[in-house]
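Worksheet for the structure shown next.
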Amino acid sequence: ELKVEQNPLFLSMQEGKNYTIYCNYSTTSDRLYWYRQDPGKSLESLFVLLSNGAVKQEGRLMASLDTKARLSTLHITAAVHDLSATYFCAVDQGGSEKLVFGKGTKLTVNP
Amino acid sequence: GAGVSQSPSNKVTEKGKDVELRCDPISGHTALYWYRQSLGQGLEFLIYFQGNSAPDKSGLPSDRFSAERTGGSVSTLTIQRTQQEDSAVYLCASSPGTVGEQYFGPGTRLTVT
Chain A
384 ELKVEQNPLF LSMQEGKNYT IYCNYSTTSD RLYWYRQDPG KSLESLFVLL SNGAVKQEGR
444 LMASLDTKAR LSTLHITAAV HDLSATYFCA VDQGGSEKLV FGKGTKLTVN P
Chain B
2 GAGVSQSPSN KVTEKGKDVE LRCDPISGHT ALYWYRQSLG QGLEFLIYFQ GNSAPDKSGL
62 PSDRFSAERT GGSVSTLTIQ RTQQEDSAVY LCASSPGTVG EQYFGPGTRL TVT
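Chains as they are written, first to last, in the working numbering: chain A, 384 to 494; chain B, 2 to 114.
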């Protein structure tokens with residue numbers, strides 16, 4: 384059974400600082416997704432990582448995937464308040480199209 | 002273009018009643034997914050449609066839950082004899098094919114009293 388673990392689950396950081404959120408998964412998969420969720424809102428797709436070594440960047444966020452280590456990272460550079468949200472990683476279970484989600488990382492960026 | 006839409010946005014129902022939740026996927030998307038989000042369980046997969054067929058129903062929590070999709074488009078998730086533990090946000094997503102990101106709708110918040 385595929386398990387996806389994120390850490391930390393809660394992250395409070397100051398504006399301007401850098402930090403990394405980690406996403407580990409338990410079985411082989413080449414497809415990993417990062418989503419953002421604002422309070423009371425649905426999930427917004429941030430990144431789709433489809434191969435080992437994939438790196439994608441959008442603004443202050445950069446995601447990478449190491450399929451051999453079964454690890455993805457979401458790096459935040461020079462955080463700003465607008466990045467406050469909950470971030471989920473999700474992995475698709477091989478042979479099935481369903482996504483298995485981590486528990487989410489609630490990020491709070493303080494002025 | 003239009004995204005995934007869901008209705009109703011909020012539903013309050015009494016325990017034991019049946020409810021129907023509707024999802025309109027993005028036009029042309031062949032794959033449609035239902036997930037449930039609750040505080041205790043996080044985001045859980047319920048069922049997946051490819052066209053009108055449901056190859057994977059493994060996430061439906063009990064036989065009180067069923068779903069159908071007609072015309073390769075709209076899907077309805079039905080919960081019979083609702084229980085308080087069914088209270089959650091039900092999210093629908095669609096994707097253009099079997100690989101790639103899933104686009105989520107705004108969700109239906111179900112509260113069973």
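For glycine and all other residues, C-beta sits at the position ideal for the given N, C-alpha and C. A quick note: this is a predicted structure, and the numbers were derived from the prediction, not measured.
Cut-off 6 Å between Cβ atoms - residues of its own chain near T469/A, not counting five sequence neighbours on either side: Q420, G487, K489
Residue(s) in a DSSP beta bridge with R37/B: E45/B, Y91/B
The beta strand (DSSP E) enclosing R110/B, as first and last residue numbers: 109-113
Residues that DSSP places opposite D421/A in a beta bridge: None; D421/A has no bridge partner.
Limits of the unbroken beta strand (DSSP E) element including Q81/B: Element bounds for Q81/B: n/a, residue is neither H nor E.
Chain B contact for S447/A (CB, 8 Å cutoff): Not an interface residue.
Beta-carbon proximity of S6/B to G108/B, cut-off 8 Å: No, Cβ-Cβ distance for S6/B and G108/B is not below 8 Å.
Chain A contact for Q103/B (CB, 8 Å cutoff): Taking Cβ atoms only, chain A reaches closer than 8 Å to Q103/B, which makes this a yes.
Three-pair Cβ contact test at 8 Å for the region 29-40 of chain B versus the region 82-100 of chain B: These segments touch.
Alpha carbon of H30/B to alpha carbon of S455/A, nearest angstrom: 27 Å
Q81/B versus V20/B: straight-line alpha-carbon distance, rounded: 7 Å
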